[in-house]
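First comes the structure, then the notes that go with it.
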Amino acid sequence: MTRASSGAPLSRRQLLALAGVGATAWMAPQLSAGATSRPRLTLPKLGPMPGQPLARLPELPTFSGAAGLETSCLTAAPLSITSAASGVLAPGPLAYGAGFPGPVIRLREGQPSRVILRNRTGEPTNLHLHGLRIPPHVDQPFLHLDSGSDATYRFHLPPRSAGTYWYHPHLHGSVEDQMERGLVGPMIVEPTRLPAPLAGCDDHLVVLSTRLDARQVLVNGAPTPTLEGTTPLVRLRLLNAGVGRTLTLRMSATAGPGEGRLRPMWVVATDGGFVNHPVRLTSVTLGVGERVEVLVDAMVEPAALLTSDDHVAQLVLTGPSSAPTLPARGAVGHVPLLRPARNAPYRRIVLTQASDGSFRLDGRLFDPHRIDQRVRAGALEVWDIVNTTGVEHPFHLHSWPFQVLRRGHVVEPFPAWRDVAVVQPGQTVRLAIPFTLNKGRTVYHCHVAMHEDAGMMGVIEVA
Ligand code: C2O
Ligand code: CU
Numbered sequence: 001m002t003r004a005s006s007g008a009p010l011s012r013r014q015l016l017a018l019a020g021v022g023a024t025a026w027m028a029p030q031l032s033a034g035a036t037s038r039p040r041l042t043l044p045k046l047g048p049m050p051g052q053p054l055a056r057l058p059e060l061p062t063f064s065g066a067a068g069l070e071t072s073c074l075t076a077a078p079l080s081i082t083s084a085a086s087g088v089l090a091p092g093p094l095a096y097g098a099g100f101p102g103p104v105i106r107l108r109e110g111q112p113s114r115v116i117l118r119n120r121t122g123e124p125t126n127l128h129l130h131g132l133r134i135p136p137h138v139d140q141p142f143l144h145l146d147s148g149s150d151a152t153y154r155f156h157l158p159p160r161s162a163g164t165y166w167y168h169p170h171l172h173g174s175v176e177d178q179m180e181r182g183l184v185g186p187m188i189v190e191p192t193r194l195p196a197p198l199a200g201c202d203d204h205l206v207v208l209s210t211r212l213d214a215r216q217v218l219v220n221g222a223p224t225p226t227l228e229g230t231t232p233l234v235r236l237r238l239l240n241a242g243v244g245r246t247l248t249l250r251m252s253a254t255a256g257p258g259e260g261r262l263r264p265m266w267v268v269a270t271d272g273g274f275v276n277h278p279v280r281l282t283s284v285t286l287g288v289g290e291r292v293e294v295l296v297d298a299m300v301e302p303a304a305l306l307t308s309d310d311h312v313a314q315l316v317l318t319g320p321s322s323a324p325t326l327p328a329r330g331a332v333g334h335v336p337l338l339r340p341a342r343n344a345p346y347r348r349i350v351l352t353q354a355s356d357g358s359f360r361l362d363g364r365l366f367d368p369h370r371i372d373q374r375v376r377a378g379a380l381e382v383w384d385i386v387n388t389t390g391v392e393h394p395f396h397l398h399s400w401p402f403q404v405l406r407r408g409h410v411v412e413p414f415p416a417w418r419d420v421a422v423v424q425p426g427q428t429v430r431l432a433i434p435f436t437l438n439k440g441r442t443v444y445h446c447h448v449a450m451h452e453d454a455g456m457m458g459v460i461e462v463a
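Heads up, the sequence shown is in the working numbering, so the first residue is 1 and it goes up one at a time.
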C-alpha cells in the first residue's frame with residue numbers, strides 16, 4: 001500500500017486520519033450543544049493545526065492485468081488506532097485505506113477498469129463511484145454488502161470522461177453516518193491527452209469535507225492548510241465531499257497592494273469533465289457532491305480560498321509569480337450545447353416538505369420497489385426541478401450526466417456536464433438529460449446525506 005511515510009509508530013496518514021476526527025473535537029466549541037449526540041473525542045492534540053502544508057493524498061495502487069484491465073482494491077475498515085481507544089468515540093471512525101479522506105482512485109478514460117471494495121467494517125455498506133458514466137448494474141446503488149464480503153465494480157469509461165469524481169457509501173439509511181465516520185474519497189479520471197491550457201500547471205486535489213450545520217471545513221483532512229504553488233497557475237480540483245453544506249468559494253488576496261481584492265478563478269472542468277474554454281469567475285458554488293476544477297494565480301502575495309458566507313479562509317495559496325497570469329489559449333474540452341426540441345419529453349420533479357417535516361420528492365418517500373420515472377433509452381429529456389421547501393437541496397442523478405439549462409430565470413452561462421445541481425428555496429432549475437449510453441434502474445436524490453437517508457430519493461428506470 002502507498003503511504004506518505006512509514007516506520008513511525010503513527011504514520012502521517014494515520015495522523016491525518018485522526019486529524020479528520022481530531023479536528024472535529026478541535027471545533028467542538030463551535031457546535032451547539034444539541035448539534036451532536038456523540039461523545040466528545042478526547043484526542044485533540046493529535047489533530048493538525050491550521051497552516052500545515054496541503055496534504056497530498058495517497059494513491060490507491062492499481063494492477064494491470066490481461067487485456068489492459070486495471071484493478072484496484074479498496075478496503076473499508078474501522079480506523080485501527082482510534083478503535084484502540086475504543087469507548088472514546090461511538091460509533092467508531094471508519095476509513096477507506098486507513099486515512100481520511102480515502103486514497104485517490106486514479107482511472108483513465110477509455111480504459112477497462114475494475115475497483116474491488118473489501119468490506120471489513122463490521123457492518124453492511126457498499127460503494128458509489130459518484131459521477132462516473134457507468135451503467136446501473138455496475139453502480140449497484142441498492143447493494144447491501146455484508147461485512148467480510150467483497151464487491152466488484154467493473155466498467156469501461158467512455159472517451160471524454162476525464163475529470164474529478166469521488167466515492168462514498170450508498171447504503172440507504174446509513175450514508176450520513178458512514179460518511180461522517182470517514183468513508184469518503186476522491187477519484188481522478190485521466191485524459192488521454194492533457195489540454196494545452198492545463199499543461200505545466202501544478203495539479204492539486206482539494207477535498208472539502210463539511211458537516212450539515214457546523215462551520216468547520218476540512219481540506220484534505222486538515223483545517224486551513226497552505227499550498228505553495230510552483231507554477232504561475234495552479235489547478236485546483238475542488239470537491240465538496242461533505243454531508244450537507246453548500247460551499248460558495250472565492251479567492252481573495254490577503255496581503256500586498258491588492259489585499260482584499262478578489263482573484264479570478266478560471267473554471268476548466270465541472271462534475272463531468274472539461275468545459276470548452278477556461279471560464280473566468282470570481283466565485284464558485286459547490287453543492288454536496290459537486291466538483292469544479294479551476295486555474296488560479298499563484299502569486300508571491302498570498303491569497304485565501306474563502307467560504308463566502310462566513311469569510312473563513314479554507315486554503316492559503318502562494319506561488320512564484322509577481323503578476324497575474326492568464327491561462328494559455330486553446331480549447332480545454334468539447335461540450336456540445338444541448339438544445340432539446342420543443343416537444344422533448346418533459347418531467348417536473350418537485351422537492352417537497354411534508355407536514356411531519358420530512359423532505360420528499362413529489363410528496364413521496366423513497367421506496368426501492370416503486371419506479372418513479374420510466375424513461376425511454378436514448379431520449380433527450382427536459383426536467384424541471386422545483387423546490388417548494390424553505391431550504392436548498394443539491395439534486396443528483398446517477399449514471400446520466402446532465403446540463404443545466406437555466407436556474408430560475410438565469411440561463412446557464414456556458415455548457416457543462418454536471419451530476420449535481422443546487423436548487424435554492426423557491427427556485428426551479430431546468431436540466432437537459434441525454435439518456436444515452438446506459439440503461440437500467442437506479443436513483444436520483446437530494447445529496448444532503450440526511451435528506452437522502454430519510455427518503456428524499458426516487459427510482460428511475462431507463463429501458
Ligand atoms: Cu454521491 Cu447517490 O450519490
Ligand atoms: Cu435535501
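We treat Cβ as the ideally placed atom computed from N, Cα and C, and that holds for glycine.
Exposed unless 16 or more other CB atoms sit within 10 angstroms - verdict on residue i
{"i": "GLY244", "result": "buried"}
{"i": "PRO136", "result": "buried"}
{"i": "ALA468", "result": "Any answer about residue 468 is impossible in this case: the structure gives the chain only from 1 up to 463."}
{"i": "SER322", "result": "exposed"}
{"i": "LEU337", "result": "exposed"}
{"i": "GLU473", "result": "Nothing about residue 473 can be reported from this structure: the residues present for the chain run from 1 to 463 only."}
{"i": "VAL268", "result": "buried"}
{"i": "MET457", "result": "buried"}
{"i": "ASP310", "result": "exposed"}
{"i": "HIS144", "result": "exposed"}
{"i": "HIS409", "result": "exposed"}
{"i": "ALA463", "result": "exposed"}
{"i": "SER32", "result": "Any answer about SER32 is weak, because its pLDDT of 30 lies below 50 and its placement is not dependable; what the coordinates show is given next. SER32 comes out exposed."}
{"i": "ASP419", "result": "buried"}
{"i": "PRO159", "result": "exposed"}
Short Cβ contact (8 Å threshold) for residue i with residue j
{"i": "PRO302", "j": "PRO53", "result": "no"}
{"i": "ARG473", "j": "VAL459", "result": "Coverage of the chain is limited to positions 1 through 463, which leaves residue 473 absent and any answer about it impossible."}
{"i": "ASP356", "j": "GLY131", "result": "no"}
{"i": "ARG237", "j": "LEU198", "result": "no"}
{"i": "THR62", "j": "ARG106", "result": "yes"}
{"i": "GLU176", "j": "THR318", "result": "no"}
{"i": "LEU247", "j": "SER283", "result": "no"}
{"i": "HIS398", "j": "ASP150", "result": "no"}
{"i": "GLY287", "j": "ALA162", "result": "no"}
{"i": "GLU381", "j": "PRO327", "result": "no"}
{"i": "GLY51", "j": "PRO78", "result": "no"}
{"i": "ARG235", "j": "LEU295", "result": "yes"}
{"i": "LEU218", "j": "TYR167", "result": "no"}
{"i": "GLY200", "j": "THR231", "result": "yes"}
Beta bridge counterpart(s) of residue i as assigned by DSSP
{"i": "ALA313", "result": "LEU306"}
{"i": "LEU342", "result": "Inspection of the sequence shows that residue 342 is occupied by Arg rather than by Leu. Answer is none; ARG342 lacks a bridge partner."}
{"i": "HIS396", "result": "VAL420 and HIS445"}
{"i": "PHE435", "result": "Answer by DSSP bridge pairing: none, since PHE435 is not bridged."}
{"i": "THR464", "result": "The structure shown has nothing for residue 464, since the chain only spans 1 to 463."}
{"i": "LEU281", "result": "MET265"}
{"i": "THR75", "result": "ARG118"}
{"i": "GLY440", "result": "VAL462"}
{"i": "SER321", "result": "MET299"}
{"i": "GLU190", "result": "ARG108"}
Whole-angstrom distance between residue j and residue i, CA atom to CA atom
{"i": "GLN178", "j": "ARG120", "result": "13 Å"}
{"i": "VAL386", "j": "SER147", "result": "39 Å"}
{"i": "ALA261", "j": "THR388", "result": "Per the sequence shown, residue 261 should be read as Arg rather than Ala. Cα-Cα distance, rounded: 36 Å."}
{"i": "GLY34", "j": "ASN276", "result": "With a pLDDT of only 32 at GLY34, under the threshold of 50, the placement of this residue in the model should not be trusted; the figure read from the coordinates follows. Near 46 Å, if we compare the C-alpha coordinates of ASN276 and GLY34."}
{"i": "THR152", "j": "ALA421", "result": "29 Å"}
{"i": "VAL404", "j": "ARG181", "result": "32 Å"}
{"i": "ARG521", "j": "PRO195", "result": "There is no way to answer for residue 521, as the model of the chain reaches only from 1 to 463."}
{"i": "VAL350", "j": "GLN373", "result": "13 Å"}
{"i": "LYS45", "j": "PHE435", "result": "With a pLDDT of only 36 at LYS45, under the threshold of 50, the placement of this residue in the model should not be trusted; the figure read from the coordinates follows. Cα-Cα distance, rounded: 50 Å."}
{"i": "ALA412", "j": "PRO401", "result": "Inspection of the sequence shows that residue 412 is occupied by Glu rather than by Ala. Taking the straight line from one Cα to the other gives about 16 Å."}
{"i": "GLY363", "j": "ALA354", "result": "7 Å"}
{"i": "HIS156", "j": "PRO257", "result": "50 Å"}
{"i": "ALA298", "j": "PHE366", "result": "46 Å"}
{"i": "LEU69", "j": "ARG114", "result": "7 Å"}
{"i": "ASN438", "j": "ALA379", "result": "11 Å"}
{"i": "LEU239", "j": "HIS170", "result": "18 Å"}
{"i": "HIS334", "j": "ARG108", "result": "17 Å"}
{"i": "ASN220", "j": "GLN314", "result": "11 Å"}
{"i": "VAL448", "j": "PRO340", "result": "29 Å"}
{"i": "ALA66", "j": "SER72", "result": "14 Å"}
{"i": "VAL423", "j": "THR75", "result": "34 Å"}
{"i": "ILE433", "j": "CYS446", "result": "17 Å"}
{"i": "ALA416", "j": "GLY289", "result": "16 Å"}
{"i": "THR125", "j": "MET450", "result": "16 Å"}
{"i": "GLN216", "j": "ALA304", "result": "16 Å"}
{"i": "PRO141", "j": "GLN111", "result": "23 Å"}
Could you name each continuous alpha helix (DSSP H) segment of 4 residues or more that falls completely within the region 106-145, going from the start of the chain to the end?
-> 136-139
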